[in-house]
Amino acid sequence: MSPQSQHVETVDISALFGPPGKAREACDAALWQGLKRTGAVVITGYPDAAKVDQRARTGLKIFDLSDTAKRAIASRVMVPGNPNTYRGFWPRRETGLLQNEFYDVGPETPAPGPDLPQMDIFTEATPWPDPEPAPGWRETVRAHYAHLNRVAQAMIVSIGRSAGFDEAAIRARFDGDHSTLRFLSYPAGATSPRQEPDGAVVSGGQHTDESGLSLLWQAQPGLQARGQDGVFRDIPMVENAISVHVGGVMTGLTRGTVPATPHRVLAGDGSARQSVGFFLEPALSAPVTPADYSGETSARETYGWQLLDTFSKRDIWKGVVHPPESAD
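By the count of the UniProt record's numbering, the sequence shown reaches residue 328 at its end, each step adding exactly one.
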């Protein structure tokens, strides 16, 4: 395999932010073909691209806070008595598969979900550290969320167009504030490397995300994505690089036309690792039926219902999130 083919493709998406026309059509095609060939792509040319590295590194200063400050904004799943459940800080779990800690940020004004018990868990406000890890930290994190949300929205619609689905139908599914910006930290020695069938030694095994679209940034190399040819390729370490990965929600909306992107993290030398992910999710009240379905839908078919059902089956959420009751 040549050195070039060992990396995912790079796509200039600047035309997605311009008017309809040949330039945008060519951009749609390049993004579509890149995802089909290498599973994920690295994007360039989008507005404010030069600010990505600085904003990501500023956001990661959350992990410089004292344990006391981080516990104050931790989920009540981990620190009983705290008011927040879904958003906020998640400390390292000694019994977890991945010994990481992370901080989840939601929209500034969360949109309401369907009328279901416990839906307020997913519409809660983000708890912010006080004091901030650095002057202007919260403002920078908010700007990063808004920036990545705009980029992801443009790409999800582009991918939908290329897959042959109505642009308005795709846009409507994601037209609601519910997405997640996540800052992750893996301390040195925090993972247990294991060997994959292809011989690669990984710290984060192959998986797909449950989002519509994932935008990933890494402070250290190691992230790989698998193309439809079954080959894993490196996400290159270049300035202000964001890689784009399709999530399972988009696969369902397009009846499997757009497959989710398997990705993994190579083990490296066991040094500390940090990363940032933005996960574009549908509105809580949006149906997760295929985008070309025009029939009536019920609360059971909304993304909010799906979240409740998914979380109620996870061990760490047992006793906190209960299986949703029928609201038909």
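Backbone N, C-alpha and C fix where the C-beta goes; we use that ideal spot for every residue, glycine too.
- Contiguous beta strand (DSSP E) elements confined to the stretch 273 to 299 occur at 273 to 280, taking only those with 3 or more residues.
- The Cβ-Cβ distance between residue 52 and residue 34 does not fall below 8 Å.
- Secondary structure of residue 305 (DSSP, three-state): helix.
- A residue is called buried once 16 or more other Cβ atoms fall within 10 Å of its Cβ, and residue 275 is buried on that count.
- Annotation for residue 167: the continuous alpha helix (DSSP H) segment containing it runs 167 to 173.
- Between the alpha carbons of residue 223 and residue 38 lies a gap of roughly 13 Å.
- Counting C-beta atoms within 10 angstroms of its own C-beta, residue 101 has 16 or more neighbours from the protein chains shown and is therefore classed as buried.
- Residue 214 holds the alpha-carbon nearest to the alpha-carbon of residue 182 among 28, 188, 214, 195.
- When secondary structure is reduced to three states using DSSP, residue 179 falls in the coil class, being assigned neither helix nor strand.
- Residue 40 and residue 225 do touch by the CB rule: their CB atoms are close to 3 Å apart, below 8 Å.
- Ranking 211, 131, 311 by CA distance to the CA of residue 72 puts 131 first.
- Taking 8 Å as the cut-off, the beta carbon of residue 177 is found no closer than this to the beta carbon of residue 221.
- Taking all protein chains in view, the Cβ of residue 261 is crowded by 16 or more other Cβ atoms within 10 Å, so the residue is classified as buried.
- Excluding its 5 nearest sequence neighbours in each direction, residue 30 has C-beta neighbours in its own chain below 7 Å: 11, listed in chain order.
- When only Cα atoms are considered, residue 184 and residue 313 end up about 23 Å apart.
- In this model, residue 147 and residue 218 are separated by some 17 Å (Cα to Cα).
- Residues of the same chain with a CB within less than 6 Å of the CB of residue 48, apart from the 5 flanking positions on each side, are 147 in chain order.
- Contact annotation: residue 140 and residue 58 have beta-carbon atoms nearer than 8 Å.
- Bounds of any beta strand (DSSP E) do not take in residue 156; it lies within the alpha helix (DSSP H) bounded by 137 to 162.
- Residue nearest to residue 299 within the set 293, 291, 287 is 287 (criterion: CA-CA distance).
- Using a 10 angstroms sphere on the CB of residue 114, the tally of other CB atoms reaches 16 or more, which defines it as buried.
- Counting along the chain, residue 228 sits inside no beta strand (DSSP E), nor does DSSP assign it H or E at all.
- If the five residues before and after residue 268 are omitted, its C-beta is found closer than 8 Å to the C-beta atoms of 203, 220, 221, 222, all from its own chain and listed in chain order.
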